[in-house]
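For reference, the structure is listed below as structure tokens.
There are 2 protein chains.
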Amino acid sequence: MQRKSFSKMQCPVARGLDRIGEWWSILIVREALHGLTRFDQFEQSLGIAPNMLTRRLAGLVKAGILEKRRYSDRPPRYEYVLTECGRDFQPVIIAMHAWGNRHFAPEGQSVVLVNARTGKPADPVVVDRNSRRPLVDSEFRVAAGPAAVARTRRKMAASAWGIAQNPPLPAKRKSRTPA
Amino acid sequence: MQRKSFSKMQCPVARGLDRIGEWWSILIVREALHGLTRFDQFEQSLGIAPNMLTRRLAGLVKAGILEKRRYSDRPPRYEYVLTECGRDFQPVIIAMHAWGNRHFAPEGQSVVLVNARTGKPADPVVVDRNSRRPLVDSEFRVAAGPAAVARTRRKMAASAWGIAQNPPLPAKRKSRTPA
DNA sequence: CAGTATCCTGTCCGATACTG
DNA sequence: CAGTATCGGACAGGATACTG
Numbered sequence: 009m010q011r012k013s014f015s016k017m018q019c020p021v022a023r024g025l026d027r028i029g030e031w032w033s034i035l036i037v038r039e040a041l042h043g044l045t046r047f048d049q050f051e052q053s054l055g056i057a058p059n060m061l062t063r064r065l066a067g068l069v070k071a072g073i074l075e076k077r078r079y080s081d082r083p084p085r086y087e088y089v090l091t092e093c094g095r096d097f098q099p100v101i102i103a104m105h106a107w108g109n110r111h112f113a114p115e116g117q118s119v120v121l122v123n124a125r126t127g128k129p130a131d132p133v134v135v136d137r138n139s140r141r142p143l144v145d146s147e148f149r150v151a152a153g154p155a156a157v158a159r160t161r162r163k164m165a166a167s168a169w170g171i172a173q174n175p176p177l178p179a180k181r182k183s184r185t186p187a
Numbered sequence: 009m010q011r012k013s014f015s016k017m018q019c020p021v022a023r024g025l026d027r028i029g030e031w032w033s034i035l036i037v038r039e040a041l042h043g044l045t046r047f048d049q050f051e052q053s054l055g056i057a058p059n060m061l062t063r064r065l066a067g068l069v070k071a072g073i074l075e076k077r078r079y080s081d082r083p084p085r086y087e088y089v090l091t092e093c094g095r096d097f098q099p100v101i102i103a104m105h106a107w108g109n110r111h112f113a114p115e116g117q118s119v120v121l122v123n124a125r126t127g128k129p130a131d132p133v134v135v136d137r138n139s140r141r142p143l144v145d146s147e148f149r150v151a152a153g154p155a156a157v158a159r160t161r162r163k164m165a166a167s168a169w170g171i172a173q174n175p176p177l178p179a180k181r182k183s184r185t186p187a
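Quick mapping for you: the protein sequence lines, in order, are chains A and B.
Sequential numbering from 9 applies to the first sequence in the numbering used here.
Sequential numbering from 9 applies to the second sequence in the numbering used here.
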């Protein structure tokens, strides 16, 4: 029972972590977003051990983030391409990239995002699609979504949902013995 | 030598993962962004074992993401508050949140971001701060930053830097000749 | 209440060797 | 070339007991 399945949680962040929580998985997806598709491409660019790569790749396929596709028959060959779900992970990568660049680049930013045409560096921010206003905590908060309100009766750790209580934060009874 | 230190890599994503790569760490930061500061708040809202919490908390402090602050002397009491670096992690959380909501919410979105005043749900996107244009791969690409160009002579796996080769995308060769 | 100390299990990950 | 098989170490994570 090593890892409590985060998927049990209602929090979408936890659910996501259940799919790509491992270090390599994220880096593999990053490479895939760069266009890599084949085993040895990942192996070489990441310097990952082949068995680990096999495992992570299989995990990502099972999680629905990558799709394994046979692209050659005579010698059976497969390629790994991102699903829509995998491609949708890009904003997370970009956000992580920006964060890393800002705080963990002692010698300066070694890698930056640039506009493909102008070549001008980009500065990634997360905004609301409609208002285009930055999503900062002062202006936005998390709330129960449609699916949650439909079953508010259920007793759960609200914070684990990603739901911030507006008031202080109630003491959450949580029996340590589920069953 | 269990985990190859990702910090060795020049890739900012890898460096970031070196700091908050563990599952719990991310969830702890998420809770901290919600305003939690004390040990038992984290413990209860996450349902995490106390020793794990101690370890992750210590790790986050060492990574410079949380700061441990004594807020009471008579009974020595500490609180854990986000550093600037930790607060800057919020966009990543938001992006992950959106991703999880989009793809792993079978029964509908249980948690959504809303505008604090209007209550209207927000739809997070990553854009360039200046142009406000969405950062999609068709329009943007990664490139060597200032720190990288200064030592281009060094031989490294380019992709591990997060540097995409300018041409179409190196892996995109659709050559039907596997080997 | 706010943690620390111990012990244990699972598994992430690396290294290496092997196969069609 | 594109992986699979096997081995072993380190540590995340869980359960429990204990302390000021």
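Beta carbons: idealized from backbone N, C-alpha and C, even for Gly.
Put residue i into one of helix, strand or coil per three-state DSSP.
i: E87 of chain B; result: strand
i: L44 of chain B; result: coil
i: A22 of chain A; result: helix
i: E39 of chain B; result: helix
i: A71 of chain B; result: coil
i: F14 of chain B; result: helix
i: I34 of chain A; result: helix
i: G55 of chain A; result: coil
i: F50 of chain B; result: helix
i: G108 of chain A; result: helix
i: G29 of chain B; result: coil
i: A113 of chain B; result: coil
i: T185 of chain B; result: Only weak support is given to the placement of T185 of chain B: the predicted model assigns it a pLDDT of 31, under 50, and the question is left unresolved by the model.
i: A165 of chain A; result: Residue placement at A165 of chain A is flagged as unreliable, the pLDDT there being 44, under the threshold of 50; the coordinate-derived value follows with that caveat. In the structure shown, A165 of chain A sits in coil (DSSP, three-state: anything other than H, G, I, E or B).
Where DSSP assigns a beta bridge to residue i, which residues make up the other side?
i: R78 of chain A; result: A:Y86
i: P142 of chain B; result: B:V135
i: F148 of chain B; result: A:N123
i: P129 of chain A; result: A:V122
For residue i and residue j, which I take to be in contact (beta-carbon distance under 8 Å), what is that distance rounded to the nearest angstrom?
i: D96 of chain A; j: W107 of chain B; result: 6 Å
i: G94 of chain A; j: L74 of chain A; result: 6 Å
i: R77 of chain A; j: S33 of chain A; result: R77 of chain A to S33 of chain A, Cβ: 19 Å. No contact.
i: V150 of chain B; j: L143 of chain B; result: Actually they are not in contact, since the Cβ atoms of V150 of chain B and L143 of chain B sit about 11 Å apart, beyond 8 Å.
i: M3 of chain A; j: V100 of chain B; result: The first residue shown for chain A is 9 and the last is 187, placing residue 3 of chain A beyond what the model contains.
i: A194 of chain B; j: N123 of chain B; result: Because residue 194 of chain B is not part of the residues shown, which for chain B are 9 to 187, the question remains open.
i: F148 of chain A; j: L121 of chain B; result: 5 Å
i: V119 of chain B; j: Q18 of chain A; result: 7 Å
i: R125 of chain B; j: R140 of chain A; result: Actually they are not in contact, since the Cβ atoms of R125 of chain B and R140 of chain A sit about 16 Å apart, beyond 8 Å.
i: I102 of chain A; j: L68 of chain A; result: Incorrect: roughly 19 Å between the Cβ atoms, too far for contact.
Let me know if residue i comes out buried or exposed under the rule of 16 or more other beta-carbons within 10 Å of its beta-carbon.
i: E39 of chain B; result: buried
i: P20 of chain A; result: buried
i: A66 of chain B; result: exposed
i: E51 of chain B; result: buried
i: D48 of chain A; result: exposed
i: E92 of chain B; result: exposed
i: T45 of chain A; result: buried
i: N138 of chain A; result: exposed
i: Y79 of chain B; result: exposed
i: K163 of chain B; result: Per-residue confidence for K163 of chain B stands at a pLDDT of 38, beneath the threshold of 50, marking its modelled position as unreliable; no derived number is given.
i: D26 of chain B; result: buried
i: R23 of chain A; result: buried
i: N59 of chain B; result: exposed
i: G127 of chain A; result: exposed
i: A57 of chain A; result: exposed
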